[in-house]
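A.B. asks: Residue numbers for the sequence shown follow the working numbering, beginning at 818 and rising by one. C-beta atoms are modelled at their ideal positions from N, C-alpha and C, and glycine is treated no differently. Computed from a predicted model, the values in this text were never measured in an experiment.
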Amino acid sequence: MNINFKRPELEDQEIIKSYLGKVKTRSCECTFANVYLWSRFYFVEYAVVNDALIFKCGKGEETFFDFPFCDEMHRKPAIEIIKAYCEAQGMALRFGMMTPEQFSQLEELYPGEFEIAYDRDRADYVYETEKLANLSGKKYHGKKNHVNKFKKTYADWSYETITEDNLEDCFQMALKWRNINGCEEDEEKNAELCVTLNSLRLFRELDLRGGLLRVNGEVVAFTIGEPVCDDTMVVHIEKAFADMDGAYPMINQQFIQHEAIEYRYVNREEDLGEEGLRKAKLSYRPVFLVEKGFATRKRG
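(1) Say the cut is 6 Å; is the CB of Phe881 nearer than that to a heavy atom of the ligand GDP?
(2) Are the beta-carbon atoms of Val943 and Pro1103 separated by less than 7 Å?
(3) DSSP beta-bridge partners for Lys1098?
(4) Buried or exposed for Lys1001, going by 16 or more other Cβ atoms inside 10 Å?
(5) Distance check for Lys841 and Glu918, CA to CA, integer angstroms please.
(6) What is the rounded straight-line gap between the Cα of Asn851 and the Cα of Ala1059?
(7) Is there contact here, the stretch 1100-1116 with the stretch 905-920, by at least three beta-carbon pairs under 8 Å?
(8) Take the Cβ of Gly1063 as the centre, count every other Cβ of all protein chains shown within 10 Å, and call the residue buried at 16 or more, exposed below.
(9) For Val1051 and Thr970, what's the separation of their Cα atoms in angstroms?
(10) In the structure shown, what three-state DSSP assignment does Tyr836 receive?
(11) If you run the structure through DSSP and keep just helix, strand and coil, what is Pro825?
(12) Where do the ends of the beta strand (DSSP E) carrying Gly913 lie?
(13) One question on the structure: do Ser844 and Val1083 come within less than 7 Å of each other, judged by their Cβ atoms?
(14) Fully enclosed by the stretch 919-991, which alpha helix (DSSP H) runs are 4 residues long or longer?
(15) Lys876 and Glu862 look like a contact to me (Cβ under 8 Å); what is the Cβ gap, rounded to whole Å?
(16) Mark Ser1016 as exposed unless 16 or more other C-beta atoms lie within 10 angstroms of its C-beta, in which case mark it buried.
(17) So if DSSP puts Glu1055 in a beta bridge, which residue, or which two residues, is it bridged to?
(18) Are the stretch 1023-1042 and the stretch 965-985 touching, with three or more C-beta to C-beta distances below 8 Å?
(19) Would you tell me roughly how many angstroms separate the C-alpha atoms of Glu1043 and Asp1024, rounded to the nearest one?
(20) Taking the alpha-carbon of Ile1119 as reference, which of Lys948, Cys1046, Pro1066 and Phe1039 has the nearest alpha-carbon?
(21) Output the boundary residues of the beta strand (DSSP E) element that contains Leu870.
(22) Would you mind giving the Cβ-Cβ distance between Lys1056 and Thr1013, rounded to the nearest angstrom? I have them listed as a contact below 8 Å.
(23) Would Ile1073 pass as a contact of Ala905 if the rule is Cβ separation under 7 Å?
(24) In terms of residue numbering, what span does the alpha helix (DSSP H) encompassing Tyr1082 cover?
(25) Give the straight-line distance between the Cα atoms of Met1067 and Lys966, rounded to the nearest whole angstrom.
(26) According to DSSP, Val1032 sits in a beta bridge with which residue or residues?
(27) Can you tell me whether Tyr902 is helix, strand or coil according to DSSP?
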């Protein structure tokens, strides 16, 4: 059994989006922009087989597949194709980044054949948009204080929606951020910064949304995101100068108020096990986490 996998390219956007749209998910990975941008740094390929979109990720023993993106009637045939491919390649069948809902669907089709291990570091944080926009109540008192301090300290601040007219200003700010944060010495940080720069380069082509903050006319923070489904906006990128007290809470709130207010939820992605990042994400009081794990076919 052979499947003709290929790396996602910009010209594949329409076909990939058409299949991603068949499945409602709030998982941050499930957008074309995320797939395309990260496939430049990690091994990601796709194929459309039997009216199902299949992603293959990683190499060798680390290979896994995303749960097929397709209508319900095509789900089991797609999984059978993946099973046959794995058997022909002599490799174990693993599904990665699988949500509890997806695992339930898999268990219904193949009772007892798979076991799942959830990875807390990969769980997405999802928030109620209204709460992030208003920061009202005792739980958000500290966040609101940071925002108010920013407004008081930098009285000439301004917010702008990102357009082709101010993209270059964001690009230059990102380069300054890279120098300050030592991205050259950290492989993960460098890859993430490259994704940020590519997001700006391809902002229009990837149909992204964004917002920026200026102080004294200079960009000091920006955010880039996009809808992941009909009720959820996902924030892929958020950059601010850390020495400007309140810049991160401020761009967070302003982006929500201007670019995401029509969505019920905001997904601010995972923490990857970083203690400081986990503390920061929890401090915004997520309404729920999108759990994700690896489902492996048991050996008979």
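C.D. replies: Taking the coordinates as given:
(1) What this structure holds is no ligand at all, so the ligand GDP is not there to describe.
(2) yes
(3) In the DSSP output, where bridge partners are listed per residue, Lys1098 has none listed.
(4) Here the sequence assigns Glu to residue 1001, which means Lys is not the residue at that position. Looking at its Cβ environment, which holds fewer than 16 other Cβ atoms inside 10 Å, Glu1001 is exposed.
(5) 11 Å
(6) If you take the alpha carbons of Asn851 and Ala1059, they lie about 25 Å apart.
(7) yes
(8) buried
(9) Between Val1051 and Thr970, the C-alpha separation is close to 29 Å.
(10) helix
(11) coil
(12) Arg911 to Met915
(13) Result no, Cβ atoms of Ser844 and Val1083 do not sit closer than 7 Å.
(14) Fully enclosed alpha helix (DSSP H) runs of 4 or longer: 946-951 and 958-970.
(15) 10 Å between Cβ atoms; not a contact.
(16) It counts as buried.
(17) Thr1040
(18) yes
(19) 8 Å
(20) There is simply no residue 1119 to check, as the chain begins at 818 and stops at 1117 in what is shown.
(21) Ala869 to Cys874
(22) In this structure, Lys1056 and Thr1013 form a Cβ contact; the two beta carbons are roughly 7 Å apart against a cut-off of 8 Å.
(23) Against a cut-off of 7 Å, the Cβ pair of Ala905 and Ile1073 comes out as no contact.
(24) Element bounds for Tyr1082: not the alpha helix (DSSP H) but the beta strand (DSSP E), Tyr1082 to Asn1084.
(25) 10 Å
(26) Within the DSSP secondary-structure output, Val1032 pairs in a beta bridge with Glu1035.
(27) Helix, per DSSP.
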